[in-house]
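Trainee:
2 protein chains.
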Amino acid sequence: MKNPPKRPNPIADDGDEFRFCSTCAFSAACLESGYGKPELRELHVLVEHIGPFKEGEHIFREGDEFNAIAAVRGGTVKTYVNDAEGREQVQGFFLPGEVIGLSAISQGRYPCNAVALDTVILCNFSFPTIAALAARLPGLQAQLFRLLSQDIGKAALLAGNYSADERMAAFLISLSRRYAARGFSPTRFQLTMTRTDIANYLRLAAESVSRVFRRFQDDKLIRVDRRDIELLDVKRLEVLARSVLRE
Amino acid sequence: MKNPPKRPNPIADDGDEFRFCSTCAFSAACLESGYGKPELRELHVLVEHIGPFKEGEHIFREGDEFNAIAAVRGGTVKTYVNDAEGREQVQGFFLPGEVIGLSAISQGRYPCNAVALDTVILCNFSFPTIAALAARLPGLQAQLFRLLSQDIGKAALLAGNYSADERMAAFLISLSRRYAARGFSPTRFQLTMTRTDIANYLRLAAESVSRVFRRFQDDKLIRVDRRDIELLDVKRLEVLARSVLRE
DNA sequence: CGCCCCGCTTGACACAGGTCAATGCGAGAT
DNA sequence: ATCTCGCATTGACCTGTGTCAAGCGGGGCG
Numbered sequence: 004m005k006n007p008p009k010r011p012n013p014i015a016d017d018g019d020e021f022r023f024c025s026t027c028a029f030s031a032a033c034l035e036s037g038y039g040k041p042e043l044r045e046l047h048v049l050v051e052h053i054g055p056f057k058e059g060e061h062i063f064r065e066g067d068e069f070n071a072i073a074a075v076r077g078g079t080v081k082t083y084v085n086d087a088e089g090r091e092q093v094q095g096f097f098l099p100g101e102v103i104g105l106s107a108i109s110q111g112r113y114p115c116n117a118v119a120l121d122t123v124i125l126c127n128f129s130f131p132t133i134a135a136l137a138a139r140l141p142g143l144q145a146q147l148f149r150l151l152s153q154d155i156g157k158a159a160l161l162a163g164n165y166s167a168d169e170r171m172a173a174f175l176i177s178l179s180r181r182y183a184a185r186g187f188s189p190t191r192f193q194l195t196m197t198r199t200d201i202a203n204y205l206r207l208a209a210e211s212v213s214r215v216f217r218r219f220q221d222d223k224l225i226r227v228d229r230r231d232i233e234l235l236d237v238k239r240l241e242v243l244a245r246s247v248l249r250e
Numbered sequence: 004m005k006n007p008p009k010r011p012n013p014i015a016d017d018g019d020e021f022r023f024c025s026t027c028a029f030s031a032a033c034l035e036s037g038y039g040k041p042e043l044r045e046l047h048v049l050v051e052h053i054g055p056f057k058e059g060e061h062i063f064r065e066g067d068e069f070n071a072i073a074a075v076r077g078g079t080v081k082t083y084v085n086d087a088e089g090r091e092q093v094q095g096f097f098l099p100g101e102v103i104g105l106s107a108i109s110q111g112r113y114p115c116n117a118v119a120l121d122t123v124i125l126c127n128f129s130f131p132t133i134a135a136l137a138a139r140l141p142g143l144q145a146q147l148f149r150l151l152s153q154d155i156g157k158a159a160l161l162a163g164n165y166s167a168d169e170r171m172a173a174f175l176i177s178l179s180r181r182y183a184a185r186g187f188s189p190t191r192f193q194l195t196m197t198r199t200d201i202a203n204y205l206r207l208a209a210e211s212v213s214r215v216f217r218r219f220q221d222d223k224l225i226r227v228d229r230r231d232i233e234l235l236d237v238k239r240l241e242v243l244a245r246s247v248l249r250e
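Protein chains in written order, with the numbering used here: chain A, 4 to 250; chain B, 4 to 250.
1. Just to confirm the assignment: which complete beta strand (DSSP E) runs, minimum length 3, are found wholly within the segment 64–144 of chain A?
2. So, at 7 Å on beta carbons, what are the nonlocal neighbours of A/G163 in its own chain, with the 5 sequence-adjacent residues on each side left out?
3. Taking the alpha-carbon positions, what's the B/R64 to B/R112 distance?
4. Do you know whose CA, among B/R226, B/E51, B/V237 and B/L235, lies nearest B/I133's CA?
5. With 9 Å set as the bound, which would you pick, yes or no: does the beta-carbon of B/V84 sit closer than that to a beta-carbon of chain A?
6. Does DSSP classify A/V227 as helix, strand or coil?
7. Which class does A/E210 belong to by DSSP, given the choice of helix, strand or coil?
8. Kindly indicate the opening and closing residues of the alpha helix (DSSP H) around B/E241.
9. Starting from the beta carbon of A/P189, find every residue of chain B whose beta carbon is closer than 7 Å, and list them in chain order.
10. Residues of chain B with CB closer than 8 Å to the CB of A/D154, please, in chain order.
11. Give me the Cα-Cα distance between A/L105 and A/T82, rounded to the nearest whole angstrom.
12. Whole angstroms are fine: how far does the CA of B/V93 sit from the CA of B/D228?
13. Identify which residue in B/R76, B/R214 and B/N127 has its Cα closest to the Cα of B/G100.
14. Provide the residue(s) that pair with B/R191 in DSSP beta bridges, ordered along the chain.
15. Just curious, the alpha helix (DSSP H) that B/E169 is in, first and last residue?
16. Against B/G163, what residues of chain A qualify as contacts under a CB-to-CB distance less than 7 Å, listed in chain order?
17. In the structure shown, what three-state DSSP assignment does B/Q220 receive?
18. Please decide whether A/R181 counts as near chain B, where near means a Cβ-Cβ distance under 9 Å.
19. Are the segment 114–130 of chain B and the segment 206–214 of chain B touching by the rule of at least three beta carbon pairs closer than 8 Å?
20. From B/L235 to B/D168, what does the alpha carbon distance come to, in whole angstroms?
21. Locate the alpha helix (DSSP H) running through B/T197, then write down its first and last residues.
22. For B/R249, would you say it is in contact with chain A, using Cβ-to-Cβ distances shorter than 9 Å as the test?
23. Can you give me the C-alpha to C-alpha distance between B/K57 and A/V102, rounded to a whole angstrom?
24. Counting only beta-carbon separations shorter than 9 Å, does B/P99 have a partner in chain A?
25. Give the straight-line distance between the Cα atoms of A/L175 and B/I232, rounded to the nearest whole angstrom.
26. Exposed or buried, which one is A/V242 when buried takes at least 16 other CB atoms within 10 Å?
27. Candidates B/C115, B/L140, B/P55 and B/A184: which alpha carbon is nearest B/G95's?
28. If you measure beta-carbon to beta-carbon, which residues of the segment 108–124 of chain B are closer than 8 Å to chain A?
29. Give me the Cα-Cα distance between B/S179 and B/P189, rounded to the nearest whole angstrom.
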């Protein structure tokens, strides 16, 4: 089984003036409230590309001071906390175009750790300035509310007491759709996280993740080899994921 | 076992001018950003007391148009959705002083149902006007962000794969603290929800809720008779809840 | 007053998934 | 090439909790 060809990120787009990163979800807000308006130039010059972070390198840690929202430009970020027994609870995986650090808005400090799963590049937006700007741009304020709300919705994926199969199917369908939204293949991609990461995210044992993968493969739902995965029967996966994704 | 004496809500405070409801969490924001400023009068006149809703009466339903944030002034509200199999998934219980409907901010429609568990009175805040006002009052905007963020945190309680005991302990400690914050006894209160409601919230079977109550009572952690509950050993309950509440 | 219904409790049993242990295997280091 | 380490797989077993079924009791209504 060969890896799918690596393709350049079709949305990220570096060299344009103002160092404006069109990957970022915020760009949508900017465009909505009128791309090109003079005020928006202020936002553009705030954008700062940081990284690359190497695999395993931390982007921020729990308790760090929060001063910027970041959009993932390339790579995958995992956020997690350690519970009282020291076990890692993965809160989410963030693909290119997705925004991390929103949940820190209220406290002023990050409530979780963020670590790079591969080579990661970010766009940073200074938060104080964004907040001030949001006061003047209703579209941006609405977009901030929307992003925060989405975070709440995502947490619900983990809330229900679903079976291992349902959780895994929902996880795969979610990845598929998010990759598709960024122009990648929705049926074949690399899992950038370990089995243990997936297990910690889905609240399963790593062994269970392995077993579900095997069962799904025996049932011709997927084909998986190490980190390379292909969704063979998206329809049936969606049926399995239906109750988790609430459709 | 007698019911604890009913005391008047020590925070709710009706008859003052502008129909301003000091129970509401928003009042905190108003006060922060300067109670008495001329702009705030606009907020005050927006407040509308609605209800009472009778036990079992719906406040809003999934898909209803969202136009107002509501703070609970009296009674308890349960929010829930029905999953693909038609089972009720309780998302939260809202006590006096807490805010419902925030998660609807982004979509313009409520993503869940809200029902009164006893006699409920609400304070309504027209959302469009609040949002417009938030643009001018940084304190209010920050408070909105804060409340939204809190919602994310609360969802995390349900996320981890905790044991029935841990979930129940965390639930009781949470209720205790929230009642305490509003001036009620933290060790003795009425459960306004059924065992089934608790089960649907904690993602357990109703029978398990019953069994955990019994075990906790045998261990002298609580004393419970129908809806009347007394926390006998808060310390040990907190130890049990520790990993869930992440302290 | 007595009926019924619904919420609650209790017991017996089954099974999904966790835990423990052993092994496989690929990638990077030497 | 070989060693080694960490991730992954597989099997055997066990336990927590769901499910099913039966029974209890209080409150509302006729």
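The C-beta atom is built at its ideal place from N, Cα and C for all residues, glycine as well. Because the structure is a prediction, the values reported are computed rather than measured.
Mentor: Taking the definition as stated:
1. Restricting attention to beta strand (DSSP E) runs no shorter than 3 residues, the segment 64–144 of chain A encloses them at 71–77, 80–85, 91–97, 116–119 and 123–129, ordered along the chain.
2. Within the same chain, A/G163 has close Cβ partners V247.
3. For B/R64 and B/R112, the distance between alpha carbons rounds to 9 Å.
4. Among B/R226, B/E51, B/V237 and B/L235, the Cα nearest to that of B/I133 belongs to B/E51.
5. Using a CB distance cut-off of 9 Å, B/V84 counts as an interface residue toward chain A.
6. In the three-state reduction of the DSSP assignment, A/V227 falls in the strand class, which pools E and B.
7. In the structure shown, A/E210 falls within a helical segment according to DSSP collapsed to helix, strand and coil.
8. First-last of the alpha helix (DSSP H) with B/E241: V237 to L248.
9. In chain order: nothing, as chain B lies at least about 22 Å away.
10. By Cβ distance, chain B contributes I155.
11. Near 12 Å, if we compare the C-alpha coordinates of A/T82 and A/L105.
12. Answer to the nearest angstrom: the Cα atoms are 23 Å apart.
13. Selected option, being the one with the closest Cα: B/R76.
14. For B/R191, the pairing in a beta bridge is given by DSSP as B/E233.
15. Per DSSP, the unbroken alpha helix (DSSP H) holding B/E169 starts and ends at A167 to A184.
16. Contact note: B/G163 reaches chain A through D86, Q92 and R206, using a C-beta cutoff of 7 Å and chain order.
17. Reduced to three states, the DSSP call for B/Q220 is helix.
18. Cβ-Cβ to chain B under 9 Å: no for A/R181.
19. With fewer than three CB-CB distances shorter than 8 Å, the segment 114–130 of chain B does not count as touching the segment 206–214 of chain B.
20. In this structure, the straight-line span from the alpha carbon of B/L235 to that of B/D168 is close to 16 Å.
21. In the DSSP annotation of this structure, B/T197 is not part of any alpha helix (DSSP H), being labelled neither H nor E.
22. Yes, contact with chain A.
23. Taking the straight line joining both Cα atoms gives about 42 Å.
24. For B/P99, no Cβ of chain A is located within less than 9 Å of the residue's own Cβ.
25. So the alpha carbons of these two residues sit roughly 43 Å apart.
26. A/V242 is exposed by the Cβ-count criterion.
27. Of the candidates B/C115, B/L140, B/P55 and B/A184, the one whose C-alpha sits nearest the C-alpha of B/G95 is B/C115.
28. Using a CB distance below 8 Å, the part of the segment 108–124 of chain B facing chain A consists of I108, S109, Q110 and P114, ordered along the chain.
29. Cα-Cα distance, rounded: 4 Å.
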